[in-house]
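Asks: After the structure tokens below, expect a handful of questions from me.
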Amino acid sequence: MFVMMLGCTDNKSDVGAIQNIIRRYNNLVIEGYRNQDMNPLQEVTTEEHARKLYHHMSALGEGKLRMESKLKKIIFKKTDQRSTTEVTVETEETWDFAHYRMGNNEKYAEEQDFIYRMGYILQKKEGRWIITQVNTISGTSTNTVIPWPQLDRKGNKINLPQDSGKPVTHP
């Protein structure tokens, strides 16, 4: 289902360009996490926003993890052009993603068919649209293949029995 609401403009080419920028952004995010390089994101977003993603990627790296993801589906739910230079877009995106240990490439955690409701703000600068802000409106886990392990204060896994939420060593 494709729903489009557009105010303040009749320029259909802008809508197509905006959607293509969001698709390109998501592809660059996928590549950025895979290659551990968020600099290419500056093609479609601000340096500040690319830096935020860099910090998240770096935090994963400090934990000796890297993320691989796949955008399976994107639905453009709402587009609202507030002015000739600003537009907001709401999407529903279905993602698969997994985290791997850097040292041995072991799969650490995995989600499939995770549904994100996302909000994008774009501004037209020097004649082209650029993403200035991305917000997660909601996220719904539908298929946790490998759950995130529980860790103690030192970062070691706590083994939980299958029938209890308490650690094995807990009385």
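Numbering (this note's numbering), first residue to last: 1 to 171. For glycine and all other residues, C-beta sits at the position ideal for the given N, C-alpha and C. Model, not experiment: these values are computed from the prediction.
Thinking C-beta only, is Gly32 closer than 9 Å to Leu65?
Replies: The answer is no: Cβ separation not under 9 Å.
Asks: Give the single residue among Arg34, Pro40 and Gln36 whose Cα lies nearest to the Cα of Arg24.
Replies: Nearest of Arg34, Pro40 and Gln36 to Arg24, Cα basis: Pro40.
Asks: Mapping the DSSP letters down to three states, classify Gln42 as helix, strand or coil.
Replies: Note: Gln42 maps to helix in three-state DSSP.
Asks: When the Cα of Leu70 is compared with those of Ile18, Trp95, Arg101 and Leu122, which residue comes out closest?
Replies: Looking at the sequence itself, residue 70 is Lys, so the reference to Leu does not match. It is Trp95 whose Cα lies nearest to the Cα of Lys70.
Asks: Could you check how far apart the C-beta atoms of Tyr116 and Val134 are, in whole angstroms? I think they sit under 8 Å.
Replies: Not confirmed; about 10 Å, so no contact.
Asks: Can you tell which of Thr84, Gly127, Glu126 and Ala98 has the C-alpha that lies nearest to the C-alpha of Asn143?
Replies: Of the listed residues, the one whose Cα sits closest to Asn143 is Ala98.
Asks: Pick helix, strand or coil for Glu48, following the three-state DSSP scheme.
Replies: Three-state result, Glu48: helix.
Asks: Check Pro36 in the structure and name its three-state DSSP category.
Replies: Checking the sequence shown, residue 36 turns out to be Gln, not Pro. Looking at Gln36 - three-state DSSP - the assignment turns out to be coil, as it is neither helix nor strand.
Asks: Looking at Met67 and Arg34, is the spacing between their C-beta atoms short of 9 Å?
Replies: Yes. Within cutoff.
Asks: Roughly how many angstroms separate the alpha carbons of Asn20 and Ala50, rounded to a whole number?
Replies: Distance between the alpha carbons of Asn20 and Ala50: 18 Å.
Asks: Comparing the C-beta of Arg51 with each C-beta of chain B, is any distance below 9 Å?
Replies: Absent from the structure: chain B. Only one protein chain is present.
Asks: I need the straight-line Cα distance from Glu111 to Trp148, nearest angstrom please.
Replies: Approximately 10 Å, taken between the alpha carbons.
Asks: What does a CB cutoff of less than 7 Å around Thr230 pick up in its chain, not counting 5 residues either side in sequence?
Replies: It is not possible to answer for residue 230, since the shown part of the chain is limited to 1 through 171.
Asks: What separation, rounded to the nearest whole angstrom, lies between the Cα atoms of Glu48 and Gly103?
Replies: Those two C-alpha atoms are separated by around 30 Å.
Asks: When burial is assigned at 16 or more other CB atoms within 10 Å of the CB, is Val145 buried or exposed?
Replies: Under this definition Val145 is an exposed residue.
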